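Numbering (this note's numbering), first residue to last: 2 to 736.
Written out as structure tokens, the structure reads:
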């Protein structure tokens, strides 16, 4: 690495650079990279072990069997002579192949594709007056593990699909593990958990052809949501930009359900949880997402890991909306037990109660990200559930799922799932029991084990359910009358968006319904849109070439909620990625100055050049080449050279080099610029960059396009990035 290379660029696969020649001198396994650390070391029963973080990793310099016997060879089977056959007695072959055959566990039915990171949550103490939860007391710091996921796709699907995202947080509190298992959308498709298998079956690929993967743009999904109109509110969020997050670290999170806080004096308050990203809520454009899924299907996973490795650690503020715990559990006419409804922040402001920072990446994806087990029933004193019928079903489903996926009821003993509080549960045996329990009396009361374990009272921090009265009622399967409004909140969401966001919603509905084969499904969904908003219905109907129906229910004209728009305000630029396009003609001192300015602002600069290696006399390291770079990776671009065609700028070597209109500029750079311009990203050029911009069809001085010296353009780029996109570049049709 050059001596002046002091900017931390993520992406290196190992802690120590490899050597070209095979290494033959035995040494201990290399340590993890600085950004990687596994879960804290505790025993299967929650006792701190004091063991070093690497004690669970492989140890010793020599190859061994699973039982620790050293091996001289792992490349050749034991055969009867040089030509074979292979002998059944080859214990190493059988162990190696058998373990490989069983490497995979059943993937999650939903949320199969996930990414995760470790971090810490620090409480502000502002919730201490309404909950006795110890981890929410002032300045308490709690280790966390967070898993983000898509809902519909398989483990091998792409990241940037139009989908709801999971946002699940495991708090390792000293009162037990607390799991806040939510989504990036505050409502859900269904009101009762008994429909959950149905909505998942409808949204998943068609069972006859197993297509389309990780998409809702197909007949069975729209057949379901147009027939179960309670799904229209969630569908509106899914058609909005919220379904295409720019990054997992610019994604909001919600607990979806209403929960109950319990104070030290026994008082109760109903709450809804919110995760607010400190970088703001930002999204991709649809074309941008489609390019990403072809160019880099691991886009979100890579971005999360790279940001942590680069030191731009993602942060979210945890907040709550609070409501009186009244008998009817209603607030401003909204049923708080209806999971298809949210409460606008203008009616109940979100009150910040703590800050979460993700600080390190997993050491092993399977051991941590894949085996982590969340459950909304993992509660701590001070937090209780409500009678939300979807939440009630989840309390059964999650536990049942973990038993199936992770081989039995002892999944809590897997290191990533181990509580960091003492465990004495009297549960014994079963598959994969890794604790070695002592005593002879796993029952209570007992005398043979000295009476241990003992019951804990409320004064000893016991988890005691709120003694909520249960009204006299009739046992029945019936809908709730307060759940009957299926359209007003979908209309509220649409009316609250900015014109450009409305355009995106219209295009999303038009695209998705345009992929449906059955006309009846399109017509039925148009009827639902007519009940939501007349202008939305008319625009989508025009795109589908169908008449816009009259509403069967008059759309409500509820007040707007400005908090639902992503486009108001400015946000920190920390972690934003800026591509610096440079070549042999560049002023390397200016390039270095631009990099240093980006780092000082908390951004991650990546140098894009004709070929790899370094520019000049080893002064500026290249992170991307014209061949490997694509606009979707960058939030902004800075031109710092003439971008003359590189030697490989030929269609036979790179198809992106085809169709060049101006042969003075490398066509890959022109494509980089035109895509960034079309996707409303900020573009800057150092003095003299105008010919390159002109070759890409971009006018210097167009909205969000600046040219000047390093201090001026970097200051302007930072200002532009704070607004995320240059939306004024393209006037909205809905304005």
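Built from N, CA and C at the ideal position, the CB exists for glycine as well. If you're wondering where the values come from, they're calculated on a predicted model, not measured in any experiment.
Measuring alpha carbon to alpha carbon, tell me which of the options ends up nearest residue i.
i	options	result
residue 203	193, 188 and 226	226
residue 678	652, 391 and 633	633
residue 123	196, 208 and 319	319
residue 383	389, 463 and 338	463
residue 720	643, 398 and 637	637
residue 580	561, 133, 618 and 642	642
residue 156	81, 350, 371 and 241	371
residue 59	180, 51, 28 and 691	28
residue 408	394, 523, 582 and 433	433
residue 251	121, 242 and 494	242
residue 666	618, 707, 653 and 586	586
residue 191	395, 588 and 554	395
residue 207	222, 378, 52 and 376	222
residue 166	302, 51 and 42	302
residue 722	623, 604, 104 and 200	604
Contact criterion: CB-CB distance below 8 Å. Does residue i meet it with respect to chain C?
i	result
residue 168	Note that chain C does not occur in the displayed structure, where there is just one protein chain.
Does the Cβ of residue i have 16 or more other Cβ atoms within 10 Å, making it buried, or fewer, making it exposed?
i	result
residue 5	Here residue 5 scores only 43 on pLDDT, less than 50, and its place in the model is too uncertain to base an answer on.
residue 1	Residue numbering for the chain in the displayed model covers 2 to 736; residue 1 lies beyond these limits and cannot be assessed.
residue 424	buried
residue 98	exposed
residue 373	buried
residue 480	exposed
residue 340	buried
residue 415	buried
residue 2	Residue placement at residue 2 cannot be trusted, given a pLDDT of 35 that sits under 50; what the coordinates show is reported in the next sentence. Classification of residue 2: exposed, given that the 10 Å Cβ count is below 16.
residue 88	exposed
residue 523	buried
residue 427	exposed
residue 474	exposed
residue 185	buried
residue 354	buried
residue 576	buried
residue 76	exposed
DSSP three-state label for residue i, please.
i	result
residue 627	coil
residue 635	coil
residue 590	helix
residue 212	coil
residue 566	coil
residue 251	helix
residue 687	strand
residue 445	coil
residue 246	strand
residue 173	strand
residue 303	helix
residue 260	strand
residue 432	coil
residue 362	strand
residue 721	helix
residue 331	strand
residue 522	helix
residue 43	strand
residue 541	helix
With DSSP as the reference, please indicate the residues paired to residue i in a beta bridge.
i	result
residue 123	142 and 356
residue 318	277 and 356
residue 71	65
residue 156	Answer is none; residue 156 lacks a bridge partner.
residue 150	115 and 167
residue 621	616
So residue i is in the alpha helix (DSSP H); what residue range does that whole segment cover?
i	result
residue 739	Coverage of the chain is limited to positions 2 through 736, which leaves residue 739 absent and any answer about it impossible.
residue 295	287-296
residue 200	197-204
residue 225	220-228
residue 183	Unbroken run through residue 183 is the beta strand (DSSP E), 177-184; no alpha helix (DSSP H).
residue 513	500-515
residue 235	233-240
residue 10	Residue 10 -> no alpha helix (DSSP H), and no H or E assigned at all.
Between which two residues does the beta strand (DSSP E) harbouring residue i extend?
i	result
residue 98	Run containing residue 98: none in the beta strand (DSSP E); it sits in the alpha helix (DSSP H), 92-102.
residue 415	From DSSP, residue 415 is part of no beta strand (DSSP E); its letter is neither H nor E.
residue 610	605-610
residue 582	578-582
residue 707	706-709
Does at least one heavy atom of the ligand GTP sit under 7 Å from the Cβ of residue i?
i	result
residue 98	Annotation note on the ligand GTP: not contained in the displayed structure, which lists no ligands.
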